[in-house]
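Report on the following structure.
Number of protein chains: 2
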Amino acid sequence: MTIMQKQTIGLMTILLVLLPFSIYAASGNTGDNSHDISMTLLWIAVILLAAKISSLVERFGQPSVLGELVIGVIMGNLVLVGINVLEPIKTDSIIAFLSELGVIILLFQIGLESNIDKMKKVGLKAFLVASVGVIAPFIAGIYLVGPWLMPGLSSNAYLFIGATLTATSVGITARVFKDLKKLHLPEARIVLGAAVIDDVMGLIILAVVSAVVTTGGVGLGIISWITAKALLFLAGSIILGQLLAPKIGKLLSKVHTGTGMKFTVAISFCLIFAFLAQKAGLAPIVGAFAAGLILDPVYFNYFKDPAIVNDLKQEIADYDAGLKQKLMSVIHPYTERHVEYLIAPVGHFLVPIFFVLTGMNVKLDAMFNMPILLVALGITATAFVTKIVSGLAAGNVNKLLVGFGMIPRGEVGLIFAMIGKNLNVISDEIFSAIVIMVIFTTLLTPPILTYLLKRTEKK
Amino acid sequence: MTIMQKQTIGLMTILLVLLPFSIYAASGNTGDNSHDISMTLLWIAVILLAAKISSLVERFGQPSVLGELVIGVIMGNLVLVGINVLEPIKTDSIIAFLSELGVIILLFQIGLESNIDKMKKVGLKAFLVASVGVIAPFIAGIYLVGPWLMPGLSSNAYLFIGATLTATSVGITARVFKDLKKLHLPEARIVLGAAVIDDVMGLIILAVVSAVVTTGGVGLGIISWITAKALLFLAGSIILGQLLAPKIGKLLSKVHTGTGMKFTVAISFCLIFAFLAQKAGLAPIVGAFAAGLILDPVYFNYFKDPAIVNDLKQEIADYDAGLKQKLMSVIHPYTERHVEYLIAPVGHFLVPIFFVLTGMNVKLDAMFNMPILLVALGITATAFVTKIVSGLAAGNVNKLLVGFGMIPRGEVGLIFAMIGKNLNVISDEIFSAIVIMVIFTTLLTPPILTYLLKRTEKK
Numbered sequence: 001m002t003i004m005q006k007q008t009i010g011l012m013t014i015l016l017v018l019l020p021f022s023i024y025a026a027s028g029n030t031g032d033n034s035h036d037i038s039m040t041l042l043w044i045a046v047i048l049l050a051a052k053i054s055s056l057v058e059r060f061g062q063p064s065v066l067g068e069l070v071i072g073v074i075m076g077n078l079v080l081v082g083i084n085v086l087e088p089i090k091t092d093s094i095i096a097f098l099s100e101l102g103v104i105i106l107l108f109q110i111g112l113e114s115n116i117d118k119m120k121k122v123g124l125k126a127f128l129v130a131s132v133g134v135i136a137p138f139i140a141g142i143y144l145v146g147p148w149l150m151p152g153l154s155s156n157a158y159l160f161i162g163a164t165l166t167a168t169s170v171g172i173t174a175r176v177f178k179d180l181k182k183l184h185l186p187e188a189r190i191v192l193g194a195a196v197i198d199d200v201m202g203l204i205i206l207a208v209v210s211a212v213v214t215t216g217g218v219g220l221g222i223i224s225w226i227t228a229k230a231l232l233f234l235a236g237s238i239i240l241g242q243l244l245a246p247k248i249g250k251l252l253s254k255v256h257t258g259t260g261m262k263f264t265v266a267i268s269f270c271l272i273f274a275f276l277a278q279k280a281g282l283a284p285i286v287g288a289f290a291a292g293l294i295l296d297p298v299y300f301n302y303f304k305d306p307a308i309v310n311d312l313k314q315e316i317a318d319y320d321a322g323l324k325q326k327l328m329s330v331i332h333p334y335t336e337r338h339v340e341y342l343i344a345p346v347g348h349f350l351v352p353i354f355f356v357l358t359g360m361n362v363k364l365d366a367m368f369n370m371p372i373l374l375v376a377l378g379i380t381a382t383a384f385v386t387k388i389v390s391g392l393a394a395g396n397v398n399k400l401l402v403g404f405g406m407i408p409r410g411e412v413g414l415i416f417a418m419i420g421k422n423l424n425v426i427s428d429e430i431f432s433a434i435v436i437m438v439i440f441t442t443l444l445t446p447p448i449l450t451y452l453l454k455r456t457e458k459k
Numbered sequence: 460m461t462i463m464q465k466q467t468i469g470l471m472t473i474l475l476v477l478l479p480f481s482i483y484a485a486s487g488n489t490g491d492n493s494h495d496i497s498m499t500l501l502w503i504a505v506i507l508l509a510a511k512i513s514s515l516v517e518r519f520g521q522p523s524v525l526g527e528l529v530i531g532v533i534m535g536n537l538v539l540v541g542i543n544v545l546e547p548i549k550t551d552s553i554i555a556f557l558s559e560l561g562v563i564i565l566l567f568q569i570g571l572e573s574n575i576d577k578m579k580k581v582g583l584k585a586f587l588v589a590s591v592g593v594i595a596p597f598i599a600g601i602y603l604v605g606p607w608l609m610p611g612l613s614s615n616a617y618l619f620i621g622a623t624l625t626a627t628s629v630g631i632t633a634r635v636f637k638d639l640k641k642l643h644l645p646e647a648r649i650v651l652g653a654a655v656i657d658d659v660m661g662l663i664i665l666a667v668v669s670a671v672v673t674t675g676g677v678g679l680g681i682i683s684w685i686t687a688k689a690l691l692f693l694a695g696s697i698i699l700g701q702l703l704a705p706k707i708g709k710l711l712s713k714v715h716t717g718t719g720m721k722f723t724v725a726i727s728f729c730l731i732f733a734f735l736a737q738k739a740g741l742a743p744i745v746g747a748f749a750a751g752l753i754l755d756p757v758y759f760n761y762f763k764d765p766a767i768v769n770d771l772k773q774e775i776a777d778y779d780a781g782l783k784q785k786l787m788s789v790i791h792p793y794t795e796r797h798v799e800y801l802i803a804p805v806g807h808f809l810v811p812i813f814f815v816l817t818g819m820n821v822k823l824d825a826m827f828n829m830p831i832l833l834v835a836l837g838i839t840a841t842a843f844v845t846k847i848v849s850g851l852a853a854g855n856v857n858k859l860l861v862g863f864g865m866i867p868r869g870e871v872g873l874i875f876a877m878i879g880k881n882l883n884v885i886s887d888e889i890f891s892a893i894v895i896m897v898i899f900t901t902l903l904t905p906p907i908l909t910y911l912l913k914r915t916e917k918k
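First to last, the protein sequences are chains A and B. Take 1 as the starting number for the first sequence in my numbering and just add one per residue. Take 460 as the starting number for the second sequence in my numbering and just add one per residue.
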C-alpha cells in the first residue's frame, strides 16, 4: 500500500466519523419539526460521500460512473440484509428532483464540450445509427423476442415490448466518455447525435403504439403534430445556435455586472431549453444538450473574473515591466473563468446524485424469480444485439464503440413499459423483465465501453 | 447612456425573448405528464434571470441583495394587478428547498471567509451584543409595545410578542456585507457571532415561553437539555475546528482523486453540519456557518486541479527555463482552485433563489389594513430601536453598524409567531402585524447598512 493510499483511507475514516452519528440521529427523527429539511441535507451528503468513495474504481481504470452505480446498487439493496435506514432516500421527492437536474446538467456540460458545427459533420451517420437503432429493436421485439420468449400474448403486447427496446438513454454513455476524457472522438458525437434523433423517433413510436392500442388505428393528425413540435424545437435550437450564439457571446463578453452573470446566463439557457424540450414532448436532457451546443464556450471565453484578475495584478506588480507583460499574456486565459469551470461544481454537486440514485433503484430481488429472469435475459440479449447492429451504420469509425454506446436503456423505456402496464397490455411479469433489461444495459455498458476505449488507445 | 449600458439592455432583450414564450407554454400546462419537472426548471431560470436583472441596483451603489428582494416583492405581488402566472413559484416545494439550501450555502461561504481564531477575538463583544439584543426586545415586547399598542391581551400574548422580536435573521446582513466586500470588518464578525449566540438564546426563550403558555411553568430539565444540546453542538464544532481542521486540510491536500474531491468534502461538511445543527435544535444556517469556519480555506489551498495545471504547463513549455520557473511560481496559487471558487457557482445558483423567494413572500396587501399597519409600525420601531441599542455593547467599533446589522428578523420570528398562533395566544391580526415587521426589517436594512458602510469609507 502506498502512502497515498494510506492517506486516502485515513481521510475517509475522518470524513466518515460523523456519518454514523448523523444517521443514528436521523433514525430517531420523529418528524417533530414541521420545517425539517435536514434529512434531505443529510441524504445529499451521504450520496456525495458514497459517490466519492466509489470513485476508487478509477484506480482499476474504470470510469467513476460505474462506481457510483455499483455503490448505489449496494445502498439500495441493504434492505435485503435488514438495513433500511437508507430507504427514505428512494422516496424523497427533492432528491428525485436533484437527480433529474443532475442528468440535465451533465448533458449540458457534454453539449458545452462540443458545438453544432462538429455535430453537423456526423449528422448523417448519427441519423443512420439512430434509424437502425430504433427499427432493429422494434422489429425484433415485435416479431422475434416477443413471440418466441412469451408466446400467446396479444400483438399489442409485442408492439409495446418492441417500443420499450427502442430508446437509448444517453446519460450513461455520455458519462463514460466524459470520465475517460473521450468526448472529442467522432464516435462520442455520433452516439450523442443518434441519441437525440432516437428520442424524437421514440416519441413518434410511443404515439403510434399508444394510438394503435387505445383506438385501434393511427390518427395522422396527432402524429404529425407530435413530430412537428419535436422537429420545430430541434430546428429552432440549431438555427438559434448558428445565428445568435456568436452575437450573444460577443455581447456577453463586454458586459461586466458581477462574476455571477456568465454562470446565470449559461444555467438559465440550460434550464429554459430543458423546459422547452419537455414541452415539445422530448426528454429535458435533449434540451439541455442543445443549450450546451448553442452556448459554444468559444464565444464565452472573454469574461473576466475581476477578483482573480486583481489578485494576479497585485501579485505581479513588483516584477519588471517586460516580464510583467509576458506574465499577463500567459496568465490571460486563466484569469477568465471558462463557463465549463463555472458549471463543473454544480455538476460535482448534482450529477453523482443521478447515478447513485439510478443504482439505488435497481431491485436485486427482481432477479430471484427464475422464469422472469430467463425472459429478461432474452430481452437483454435482444437489446444488446440490435443496438450493436446499429453501430454498423456509423461508417468509417469504430463501429463496436458506437454500437455499445447506444445500448443503455433507461427512463424512456421504463415510461413506455409503465404506459403499457397502465393500458393493461404489459403484465407485471413482463414489466419486471423489462426492468431487469434496463438494469443489465445500464450496469454492463460502462465496463464494456471502457474496455473498447482502452483497446483503441493501444492500437 | 454609455455603450456598456446599451449592450446590457441589448443582452437582456435577447435573453428575455424566450421567457414570455416559455411562460405562455407553461400557462397551458395541464399536467398531462406525470413526470413533469419542467415547470420547476422554468421557475428556477425565471428567478435567476430576474435576480440578475435586479442586480442593476449595483449601478446605484446598492447591494444586489436589495435588488433581489425588491424584484421578488414585485413578482410576488403581480397577482394584485391580476397577473397570477408566477403564483405557482410560491407553493413549489422544490423551489422552497432550493431556497433554504441557498441560504445554507451563503452562510457556509461566509464562514469560509472567516475562521475560528478571528471569531474568538470578537467573541466577548458578540456575546454582549447578542445578550442585549435578545433581552432588550424581549422586555420591550412584554412590558412596552405589547401593553401600549395592544392593551387588554393576556400576559401570554405579550410573552410571545416579546419572543418574536428576539431572533436576528443573519442572512440579509451577511449578504449585504458580502456584496459590498466588507466581511473582513470586525463589525461583520461581531454581527455574525452575535447571530449564532442569539440563535441559541432564542431557542431557550422559545422553550421557556412555550412551556409557560402550555403548562403554566418552566420544566428545568427540558430547558437544560435544549440548552445542552445546542451548546454541545457549538462547542463540538469549535473543538473539532481547532484540533482536526489543520490535519484534515493537510491530508486532503495530498490526495488526488479527481477534481471533485475538494468540492465534495467541502459541501458534505456543510450539509452534515447543517443537519446536525437542526438536530441540536438550532437553525441549519448556524451549522453551515460553523462548517465554513472549520474548513478554513487556508488548509484547503493545496489542491491542484490537474486539468488547469496541465494546460498551463503546455502553454509555457516554449519559454526559456528561467522565465518558465518564475511563471510557474507566480501562477502556482491560481492553478489550484480555492474552495471558495468551487462553492461560488453553487452560490450563484442557489443564493438568489432564497432572496427572490423571500421577496415574493412579502404580502403587500397585508399593509392595506390601517389599524394592523399602525400596530405593525409600532412593533417595527421597537424591533429597530432595541437592536440598535444592542450595538452599544459592541465596544470600540462602529456601534451603529453592528446595531443595524442585528435588525433583520426572519424565519425564526415567524416560526415563534406561528407557534403562538397555533397555541391560540397570537391572533390573526397580531400575526399579520408581525409579518409586516419582518418585511420592514428585511427591506430597510440593506440600504441603511449600505449607507453606513459608505459613510465609514469616506472618513
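Every residue gets a Cβ at the ideal spot worked out from N, C-alpha and C, and that includes glycine.
- For A:Pro408, the three-state secondary structure derived from DSSP is coil.
- A:Ile343 has a beta carbon lying within less than 8 Å of a beta carbon in chain B.
- With respect to the C-alpha of A:Leu165, the residue from A:Asp199, A:Lys178 and A:Phe177 having the closest C-alpha is A:Asp199.
- The Cβ atoms of B:Leu639 and B:Pro906 lie no closer than 8 Å to each other.
- Per DSSP, the continuous alpha helix (DSSP H) segment holding A:Asp199 begins and ends at Pro186 to Thr215.
- By the CB criterion at 8 Å, B:Ala504 and A:Leu271 fall inside the cutoff.
- Just measuring C-alpha positions, the residue of B:Thr904, B:Pro804, B:Gly700 and B:Gly879 sitting nearest B:Thr673 is B:Gly879.
- Two segments are said to touch when three or more pairs of C-beta atoms, one from each, lie closer than 8 Å; by this definition the segment 574 to 587 of chain B touches the segment 644 to 652 of chain B.
- When Cβ pairs closer than 8 Å are counted between the two stretches, the segment 425 to 437 of chain A is seen to touch the segment 364 to 384 of chain A, the count reaching three or more.
- Using a CB distance below 7 Å, the part of the segment 496 to 508 of chain B facing chain A consists of Ile496, Ser497, Thr499, Leu500, Leu501, Ile503, Ala504, Leu507 and Leu508, ordered along the chain.
- Setting aside the 5 residues that flank it on each side, A:Phe289 is surrounded in the same chain by Leu107 and Gly111, each with a C-beta closer than 6 Å to its C-beta; the list follows chain order.
- Judged by DSSP in its simplified three-state form, A:Asn422 adopts helix.
- Below the 9 Å Cβ cutoff, chain A contributes no neighbours of B:Met534, its closest Cβ being approximately 15 Å away.
- Residues of the same chain with a CB within less than 8 Å of the CB of B:Pro547, apart from the 5 flanking positions on each side, are Met498 and Trp502 in chain order.
- For B:Gly680, no chain A residue has a C-beta closer than 7 Å to its own C-beta; the minimum C-beta separation is roughly 17 Å.
- For the 8 Å CB-CB criterion, B:Leu735 and B:Phe692 form a contact.
- For a cut-off of 8 Å, the C-beta gap from A:Pro63 to A:Val176 is around 5 Å, short enough to register as a contact.
- Each residue's CA atom was taken as its position, placing B:Met819 and B:Val532 some 5 Å apart.
- Fewer than three Cβ pairs drawn from the segment 599 to 608 of chain B and the segment 853 to 863 of chain B lie within less than 8 Å of each other, which leaves the two stretches out of contact.
- Around the beta carbon of B:Phe619, 16 or more other beta carbons sit within 10 angstroms, so the residue counts as buried.
- Here A:Thr445 is near A:Thr173, since their CB atoms are less than 8 Å apart.
- Straight-line measurement puts the Cα of A:Ile294 at about 39 Å from the Cα of B:Pro743.
- One alpha carbon belongs to B:Leu508, the other to A:Phe269, and they sit about 10 Å apart.
- With a threshold of 16 other beta carbon atoms within 10 Å, B:Ala647 meets it and is buried.
- Assignment of A:Ser154 by DSSP, reduced to helix, strand and coil, places it in the coil class.
- A:Pro246 counts as exposed, since fewer than 16 other C-beta atoms from the protein chains shown sit within 10 angstroms of its C-beta.
- Here DSSP, grouped into helix, strand and coil, assigns A:Val57 to helix.
- C-alpha of A:Lys52 to C-alpha of A:Leu98: approximately 17 Å in a straight line.
- In the same chain as B:Ala750, and ignoring 5 residues on each side of it, the C-beta atoms closer than 7 Å to its own belong to Phe567, Gly570, Phe728, Cys729 and Phe732, in chain order.
- Ranked by Cα distance from A:Leu373, the options A:Gly216, A:Gly347, A:Glu429 and A:Gly219 are led by A:Glu429.
- Annotated as distal: A:Ile139 and A:Ile353, with beta-carbon spacing of 8 Å or more.
- With its beta carbon at least 8 Å from every one in chain A, B:His643 lies outside the interface.
- Residue burial is scored here from C-beta neighbours: B:Lys738 has at least 16 other C-beta atoms within 10 angstroms and is therefore classed as buried.
- Residue range Glu87 to Thr91 is occupied by the alpha helix (DSSP H) that includes A:Pro88.
- Against chain B, the beta carbon of A:Glu87 has no neighbour under 7 Å; the closest one sits roughly 18 Å away.
- For A:Ser237, the CB contacts under 6 Å within the same chain, skipping 5 residues up- and downstream, are Ala290 in chain order.
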